[in-house]
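Asks:
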Amino acid sequence: MSDTIEVDGKQYAVDEEGYLANLNEWVPGIAGVMAKQDNLELTDEHWDIINFLREYYEEYQIAPAVRVLTKAVGKKLGKEKGNSKYLYSLFPYGPAKQACRFAGLPKPTGCV
1 MSDTIEVDGK
11 QYAVDEEGYL
21 ANLNEWVPGI
31 AGVMAKQDNL
41 ELTDEHWDII
51 NFLREYYEEY
61 QIAPAVRVLT
71 KAVGKKLGKE
81 KGNSKYLYSL
91 FPYGPAKQAC
101 RFAGLPKPTG
111 CV
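Taken in order, the sequence shown gives residues 1 to 112; the numbers are from full-length UniProt numbering.
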């Protein structure tokens with residue numbers, strides 16, 4: 001993986017694991033490019049989780065690990081979305097890890 005990704009002709013720095021280097025530079029197009037790299041097509045369901053994570057991060061200044069994410073999503077978006085089966089169906093490489101990367105957030109604590 002390169003140290004930058006290109007979105008609409010602009011380069012964005014990413015770390016060696018593909019997480020955005022500067023959280024303040026995030027634009028929605030970044031999620032699209034990262035999803036393509038992971039062979040995923042972003043749907044409204046993906047965006048629900050990505051936007052949820054961005055709001056969560058803004059409020060708590062932390063990227064939630066998968067258990068916290070599952071619980072918080074359940075509270076805000078309903079039980080049918082607040083379960084790991086649903087989240088893994090959207091983000092097969094790990095809902096917390098992959099979704100946080102798409103959302104331009106740092107790697108969640110406790111994720112390897």
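Note that beta-carbon positions come from the ideal geometry of N, C-alpha and C, so glycine has one too.
Note that the structure is predicted; figures quoted are calculated from it, not measured.
(1) Alpha carbon to alpha carbon, how far is residue 19 from residue 96? Give it in angstroms, no decimals.
(2) Near residue 66, which residues of its chain fall below 6 Å by C-beta distance, leaving aside the five closest residues on each side in sequence?
(3) Could you check where the alpha helix (DSSP H) with residue 68 kicks off and where it finishes?
(4) For the alpha helix (DSSP H) containing residue 41, name the first residue and the last one.
(5) What distance in whole Å lies between the Cβ atoms of residue 63 and residue 108, which are believed to be in contact at a cut-off of 8 Å?
(6) Using DSSP with H/G/I as helix, E/B as strand and the rest coil, what is residue 62?
(7) Considering only DSSP beta bridges, list what residue 4 is partnered with.
(8) Measuring CB to CB, does residue 53 end up less than 9 Å from residue 99?
(9) Given residue 8, which residues of its chain have a CB within under 7 Å of its CB, disregarding the five upstream and five downstream residues?
(10) Does DSSP classify residue 105 as helix, strand or coil?
Replies: Put simply:
(1) If you number the sequence shown from 1, residue 96 lands on position 96. If you number the sequence shown from 1, residue 19 lands on position 19. Distance between the alpha carbons of residue 96 and residue 19 is about 12 Å.
(2) As a first step, residue 66 must be located in the sequence shown, where it is residue number 66. Result list for residue 66: 95 and 96, in chain order.
(3) Translated into the one-based positions of the sequence shown, residue 68 becomes position 68. 66–77 is the span of the alpha helix (DSSP H), which, as asked, contains residue 68.
(4) Counted from its first residue, the sequence shown places residue 41 at position 41. Here residue 41 belongs to no alpha helix (DSSP H), and DSSP marks it neither H nor E.
(5) For this step, residue 108 is matched to residue 108 along the sequence shown. For this step, residue 63 is matched to residue 63 along the sequence shown. At roughly 4 Å, the Cβ-Cβ gap stays under 8 Å, so residue 108 and residue 63 are in contact.
(6) Working through the sequence shown from its first residue, we reach residue 62 at position 62. Coil at residue 62, not helix or strand.
(7) Residue numbering aside, residue 4 sits at position 4 when the sequence shown is read from its first letter. Partner(s): 13.
(8) To locate residue 53, count along the sequence shown from 1; it is residue 53. To locate residue 99, count along the sequence shown from 1; it is residue 99. In contact: residue 53 and residue 99 (Cβ atoms closer than 9 Å).
(9) For this step, residue 8 is matched to residue 8 along the sequence shown. Excluding residues within five positions, the ones whose Cβ falls inside 7 Å are 29.
(10) As a working mapping, residue 105 is identified with position 105 in the sequence shown. DSSP places residue 105 in coil when its eight states are reduced to three.
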